[in-house]
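In our numbering, the protein residues as written are 14 to 432.
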């Protein structure tokens, strides 16, 4: 760190940017590595000195502090629950990293959802091919680093930048293994590659017309592709229909298509058909059955709703408590208030601060002609809904207190239990 005042302001400004970045986007934890990479590539000295390393320490301390604060705020500890072991994660991510590179240079098959196969062994053919591609990629980056020309070293820097900025998703097993938006920062490597390549054509070979021709072709191709993708993003139905065609084995695509039909078009039949198709592809996905239960309830098919909820709980016993609350709401609609109340009481016993259980308990008490007890339960539901940031339930309870008319039907109105 330079001792001059101006450099000090920049340094402390970068620390502020670091802490804000870590609190908003996980990729910011790679900032110390990127700074180290920058010093290695562009400092005059061959290797960073101890003073350079000392300048990184505040960034590391800020990142660790932010992760600790975040763990206390969100719960679950600094290291989240890992859905896949580290070996499976690395083997699976190798083809994903090469797929990201392919999308950057040849953006075909773009989709809001990508189905990714899990690999538990390094001897799977896609893993071997991807490992070979990544090895050659790193070798080329190291070769360009040795070049004296500044533009090639710059390209080498961003080739390693691509891997560093994707380091978090390479190691941490996220729910959605591949998402195109994760390439927004790492994708700078393509822009640098294109700029260096065209620059070499222009300045080294003086082929200006050829360079301009490349730019014109790219502008036309990317312009047409952008117009097409905008048509796909016209509405939820077109978006998720496109995703279903490209990733037919991804269960959440069918869930989201169903929601798009229901919310966007009010088309309950096609919403159910989307879930039926998803269940045929992935019969073991509990959320498909749960969302089908929601649609059955909203459509008045109450016995079918109960069956769908039972299947969801059988496939994922961990969601038994919230799904049983939804079952209880169905019993209220059927007029079987005592059955519903028993489920609500069990949910409150298991999780006293679960606001929807108190909300439905209030509805049951009201049906039984006990308005004072119902109001007390509503107050409890409102308090817990506020502390858990359940905005829709807060609005519903507030509206009831203002208008004195508790709405019929169930809560939530749309599928609301996350995976």
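Backbone N, C-alpha and C fix where the C-beta goes; we use that ideal spot for every residue, glycine too.
Nothing here was measured: the structure is a model prediction, and the numbers come from that model.
Measuring straight from C-alpha to C-alpha, what distance separates residue 290 and residue 324?
Near 16 Å, if we compare the C-alpha coordinates of residue 324 and residue 290.
Would you call the region 215-226 and the region 133-153 touching, i.e. three or more CB-CB distances under 8 Å?
Not touching, per the Cβ criterion.
What three-state label does DSSP hand residue 358 in the structure shown?
Note: residue 358 maps to helix in three-state DSSP.
So residue 206 is in the alpha helix (DSSP H); what residue range does that whole segment cover?
Unbroken alpha helix (DSSP H) run through residue 206: 201-216.
Among the candidates 234, 155, 251, whose CA atom is the shortest distance from the CA of residue 120?
Here the closest residue by C-alpha is 234.
Determine the burial state of residue 14: buried for a count of at least 16 other Cβ atoms within 10 Å of its Cβ, exposed for fewer.
Residue confidence for residue 14 is low, a pLDDT of 48 falling below 50, so the modelled location carries little weight and cannot support an answer.
On the criterion of 16 or more Cβ atoms from any shown chain inside 10 Å, does residue 366 qualify as buried, or is it exposed?
Exposed, by the Cβ-count rule.
Would a C-beta distance cut-off of 8 Å place residue 433 and residue 385 closer than the cut-off?
Given that the chain is displayed from residue 14 to residue 432, the structure contains no residue 433 and the question cannot be resolved.
Have a look at residue 147 and residue 118 and give me their C-alpha separation to the nearest angstrom.
In a straight line, the C-alpha of residue 147 is about 15 Å away from that of residue 118.
Whose CA, out of 342, 231, 40, lies closest to the CA of residue 197?
Closest by alpha carbon: 40.
Locate the alpha helix (DSSP H) running through residue 278, then write down its first and last residues.
Careful: residue 278 lies outside any alpha helix (DSSP H) and carries neither H nor E.
Check whether the Cβ of residue 194 lies closer than 8 Å to any Cβ atom in chain D.
In the structure shown, chain D cannot be found, because there is only a single protein chain.
Ignore the nearest five residues each way along the sequence and tell me which others in residue 76's own chain have a CB closer than 6 Å to its CB.
These residues qualify, in order along the chain: 35, 42.
Where does residue 128 sit, in a helix, a strand or coil, going by DSSP?
Reduced to three states, the DSSP call for residue 128 is coil.
In chain order, what residues of the same chain lie with their CB nearer than 8 Å to the CB of residue 399, ignoring the 5 residues before and after it?
Once the five neighbours on either side are set aside, the close Cβ partners of residue 399 are 407.
Have a look at residue 273 and residue 250 and give me their C-alpha separation to the nearest angstrom.
Near 5 Å, if we compare the C-alpha coordinates of residue 250 and residue 273.
Starting from the Cα of residue 256, find the closest Cα among 99, 287, 195 and give me that residue.
It is 287 whose Cα lies nearest to the Cα of residue 256.
What is the residue span of the alpha helix (DSSP H) that residue 253 lies within?
That run of the alpha helix (DSSP H) goes 249-259.
Restricting to runs no shorter than 4 residues, where is the alpha helix (DSSP H) found entirely within the region 367-420?
If we require 4 residues or more, the alpha helix (DSSP H) runs fully inside the region 367-420 come out as 368-380, 384-400, 404-416.
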